[in-house]
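Numbering (the working numbering), first residue to last: 5 to 417. Here the structure is laid out as structure tokens; the discussion comes afterwards.
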């Protein structure tokens, strides 16, 4: 256990060499390093392995966790970093307890290596779903530029407490047998953006957002078996802007049973799929505003929405009708993207994350077809919108894709 706190000007630093490996081996025990309730501690360039929880950071604040390698164990409820709360009664059916939330964790440029295999070959609620890269709650966190492979959830909140005021961006997550990013039980000002998400059950889960706003923008999602966004458990307050999803099956499938989906705004996204309808929801859509997205599907029924079947986007000012004002942009998956972008036909196939690069073709109908969304139009603050208007999807024509995963380490870093 870390015995004491550091200080803002004098943090406790555990740092490995620039070359070679500083291996921390848990010997199969439950927890490798316990930083519960600690503050101002840095963990850098360390190789963590062989414990159910590699770093316990419940209730911790102002930790720096960067440039590490985490080998996540193949056991139920394993996690590289566990930073949910502690000590306030029963939590969920796992027997865990609620925990005081962490604050201000900076988790960047790490490698997370999981034990799962793709495709998922298990029933729901198996142990393989409960293997996490970062399990986190609280506020004020940054989780960025990490590479995560072969986990249940790359980033998980779940039932471990509420999450707010957190940025999750530029991560490279693949082969997630549940969700690449599980932003469940989020409250206010959680931002999920510029992530590359490949091979997963769902790309980003928000079940539920508890009023939001939860901003989800500029993400690229390739080969989600269920849906790019999981909007279950009466979720409310989600904003979906400028994302690109390419998958087999229904392009955007929302199946929360008979629950409600509340106050969700969708603009300038691209949804590519292989079966009809293009959009389906089994839940009650309340105060939702879906308009001006691009869809590709093989024809036939367009949408099932609030129990109504739509052969095409209806022209209507009724806010309960999807795409009633501006409609959709109909796309052809064969011509929307530049060469090299895969179009999944088998969700069980593993796609190379490097090919999750949905750059638009110059003559694609998605070019210049976005509506203006202040503060979201430009894919990067240094890369303004080009052309007559913003493009649909995560990419702006002529602008390089954002870097994802661990950044190169400069001299002296």
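Ideal placement from N, C-alpha and C gives every residue a C-beta, glycine not left out. All values derive from a computational prediction rather than experimental measurement.
Once DSSP output is grouped into helix, strand and coil, what is the label at residue i?
i: residue 200; result: strand
i: residue 400; result: coil
i: residue 406; result: coil
i: residue 133; result: helix
i: residue 121; result: coil
i: residue 337; result: helix
i: residue 281; result: coil
i: residue 359; result: helix
i: residue 99; result: At residue 99, the pLDDT of 44 sits below 50, so the modelled position is not reliable; the number obtained from the coordinates is stated separately. Three-state DSSP puts residue 99 in coil, outside helix and strand.
i: residue 71; result: coil
i: residue 189; result: coil
i: residue 320; result: coil
i: residue 91; result: Here residue 91 scores only 48 on pLDDT, less than 50, and its place in the model should not be relied on; the value that follows carries that caveat. The answer is strand: DSSP assigns residue 91 an E or B state.
Mark residue i as exposed unless 16 or more other C-beta atoms lie within 10 angstroms of its C-beta, in which case mark it buried.
i: residue 13; result: exposed
i: residue 98; result: For residue 98, the predicted model reports a pLDDT of 45, less than 50, meaning its position is unreliable; a value from the coordinates is still stated below. It is exposed - the Cβ of residue 98 has fewer than 16 other Cβ atoms within 10 Å.
i: residue 188; result: buried
i: residue 407; result: exposed
i: residue 58; result: buried
i: residue 71; result: buried
i: residue 335; result: buried
Report yes if the CB atom of residue i is closer than 8 angstroms to the CB atom of residue j, and no otherwise.
i: residue 155; j: residue 139; result: no
i: residue 341; j: residue 365; result: yes
i: residue 308; j: residue 284; result: yes
i: residue 248; j: residue 397; result: yes
i: residue 332; j: residue 298; result: yes
i: residue 147; j: residue 177; result: no
i: residue 28; j: residue 52; result: yes
i: residue 193; j: residue 227; result: no
i: residue 18; j: residue 67; result: no
i: residue 359; j: residue 339; result: no
Candidates the options: which alpha carbon is nearest residue i's?
i: residue 3; options: 275, 279, 48, 36; result: A question about residue 3 goes unanswered here, because the residues of the chain that appear run from 5 up to 417.
i: residue 83; options: 61, 321, 104; result: 61
i: residue 152; options: 166, 124, 25, 113; result: 113
i: residue 157; options: 212, 264, 184, 149; result: 184
i: residue 378; options: 346, 360, 221; result: 221
i: residue 30; options: 41, 205, 17, 50; result: 50
i: residue 39; options: 64, 25, 48; result: 64
i: residue 6; options: 272, 208, 175, 44; result: 44
Please check if any C-beta of chain D sits within less than 8 angstroms of the C-beta of residue i.
i: residue 284; result: No chain D appears in this structure, which consists of one protein chain only.
Validate contact between the region 287-294 and the region 250-268 using beta carbons, cut 8 angstroms, 3 pairs
Yes: at least three Cβ pairs fall under 8 angstroms.
Three CB pairs or more closer than 8 angstroms across the region 369-379 and the region 390-397
The region 369-379 makes contact with the region 390-397, as at least three CB pairs between them are under 8 angstroms.
Can you find at least 3 beta carbon pairs, one from the region 341-352 and one from the region 235-254, that sit closer than 8 angstroms?
Judged by Cβ distances under 8 angstroms, the region 341-352 makes contact with the region 235-254, as three or more pairs qualify.
Stretch-stretch touch, CB-based, cutoff 8 angstroms, three pairs: the region 299-316 with the region 277-288:
Output reads yes: the region 277-288 touches the region 299-316.
Pairs of beta-carbons, one from the region 71-86 and one from the region 112-127, closer than 8 angstroms: are there three or more?
Yes, they touch.
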